[in-house]
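Student: Below are the C-alpha cells for one structure; questions will follow.
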C-alpha cells in the first residue's frame with residue numbers, strides 16, 4: 001500500500017492545494033473515485049468557477065448541494081460531488097443565526113455584507129470552510145476531499161477561520177459590538193474614531209451612505225459574532241485534526257515547484273503539516289526493450305527519443321529533490337507519470353487514479 005492509498009483509507013478530510021494548471025481538480029476527483037472503489041462514501045468539494053470537476057466527471061453542472069455520481073464500475077463505496085456556492089452558504093448561516101427575520105433581511109440587503117460575501121479574500125473563504133465544517137458535522141460521508149482555489153488563494157482559504165476569529169475578537173470591533181447600541185450611536189462612534197479626511201475618502205469610494213450602511217451592519221452583527229467565533233474555532237480544530245491530511249499538487253516545472261515550496265512553508269508556519277507532495281505530469285524513464293527487432297534507422301530515432309526522455313526525467317528528479325531539501329528532507333513526495341489521455345469521463349478518470357496510486 002502506498003501513502004496515497006493509506007491516506008484515502010484512514011483520513012476523514014483531504015485538503016488539496018496547489019497552483020493552477022497542474023491537474024489539482026482532476027487529482028481531487030480521481031482520489032474521490034479511488035476512495036469509492038475502496039468502499040468509502042466520498043464527497044469531492046470544489047470552489048473552481050471554471051467547473052473543471054464537472055468536466056472531469058463527465059457530468060453537467062454541479063451545485064451547492066452534493067450530487068451522487070452514477071459510477072460505471074461496481075464499487076462498494078459511493079462518490080458524490082458539489083461546487084461550493086459560498087454566497088449561498090453565507091446567506092444560510094446568517095438566516096440560521098441572526099436574532100430575527102428583520103435582522104436577516106437587513107444584513108442580506110446591506111451593501112457592506114454583499115461586498116464582503118462576494119469578495120474572494122473575505123467572506124468567500126470563510127463561507128467555503130464553513131460549508132466544509134457543516135457537511136463534516138452531518139457525518140453523512142466517510143471522506144471529504146476539498147479542492148481549494150489556486151495556491152495564492154489557498155492559504156487565505158485555509159486561514160479564513162483563524163482570521164475571522166481574530167477579526168471578531170479585535171478590541172475595536174468589540175467596542176462597536178457592545179450591546180444596546182443602536183445604529184445612530186455606532187455611526188457617531190465610527191465618525192469619532194476616524195477622521196474627517198478618512199470619512200470623505202470612504203464616502204467618495206463607497207457612496208454617501210457608507211457610514212449608515214456600516215453602522216447598520218455592525219448593529220446586526222451584535223447577535224451574530226459569537227456564532228461566527230464558535231464556527232471559526234470548530235473549523236480550525238477540524239483542519240488541525242489528525243484525521244485531516246494536506247496534499248499539494250504540483251508539476252516538475254521549476255516555477256511551480258517553487259510555489260509549492262512557498263505554500264508548504266506557509267502551511268508549516270500556521271501549524272499545518274503537508275502529508276504529501278504529488279508531482280504530476282512527470283516523464284518516465286523507459287527501458288529500451290526489443291529495439292533490435294526494428295529497422296536500424298527507426299531504432300536510432302527511438303533510442304534518441306528515449307535518451308532525451310531519460311535526461312528530462314533525471315532533470316525533473318533533481319528539481320523535485322532540490323525543492324524538497326529547501327523545505328524538509330522528511331517531506332514525502334510521489335511522482336505521477338504524464339497522462340496522455342483527455343480526462344472527460346469516469347473511465348479515463350479511473351485510469352488516471354490508477355496512475356496516482358501506482359496500480
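In the working numbering, the protein residues as written are 1 to 359.
Positions of the beta carbon are idealized from the N, C-alpha and C atoms, including for glycine.
Given the structure is predicted, the values throughout are model-derived calculations rather than measurements.
1) Identify, in the order they occur along the chain, each residue of the same chain with its Cβ nearer than 7 Å to the Cβ of residue 335, setting aside the five sequence neighbours on each side.
2) Decide if the segment 17-33 is in contact with the segment 340-358; the criterion is three or more beta carbon pairs, one per stretch, under 8 Å apart.
3) Could you check the C-alpha separation between residue 69 and residue 57 for me, to the nearest Å?
4) Less than 8 Å between CB atoms is the rule here; does residue 259 satisfy it with respect to chain B?
5) Among 86, 166, 113, which one has its Cα closest to the Cα of residue 131?
6) If I measure Cβ to Cβ from residue 316 and keep anything under 7 Å in the same chain, skipping five residues before and after, which residues do I get?
7) Where residue 55 and residue 93 are concerned, what is the direct C-alpha to C-alpha distance, given to the nearest angstrom?
8) Between the alpha carbons of residue 156 and residue 150, how many angstroms are there, rounded?
9) May I ask you to verify whether the segment 39-47 touches the segment 105-117, counting CB pairs closer than 8 Å and requiring at least 3?
10) Kindly provide the ranges of any beta strand (DSSP E) runs that are 3 or more residues long and lie completely inside the segment 6-47, ordered along the chain.
11) Kindly list the residues whose CB is nearer than 7 Å to the CB of residue 76, restricted to its own chain and excluding five residues on each side of it in sequence; keep chain order.
12) Does DSSP put residue 98 in a helix, in a strand, or in coil?
13) Could you tell me which residues DSSP puts in a beta bridge with residue 278?
14) In whole angstroms, what separates the C-alpha of residue 18 from that of residue 3?
15) For the candidate residues 135, 59, 37, 227, whose alpha-carbon lies nearest to that of residue 12?
16) With a CB to CB cut of under 7 Å and the five nearest residues on each side skipped, what residues in its chain are close to residue 125?
Tutor: According to the structure data:
1) 279, 282
2) yes
3) 8 Å
4) Structure shown: chain B not included; a single protein chain is present.
5) 86
6) 252, 282, 283
7) 30 Å
8) 10 Å
9) no
10) 13-17, 41-46
11) 39
12) coil
13) 249, 334
14) 19 Å
15) 135
16) 156, 157, 160
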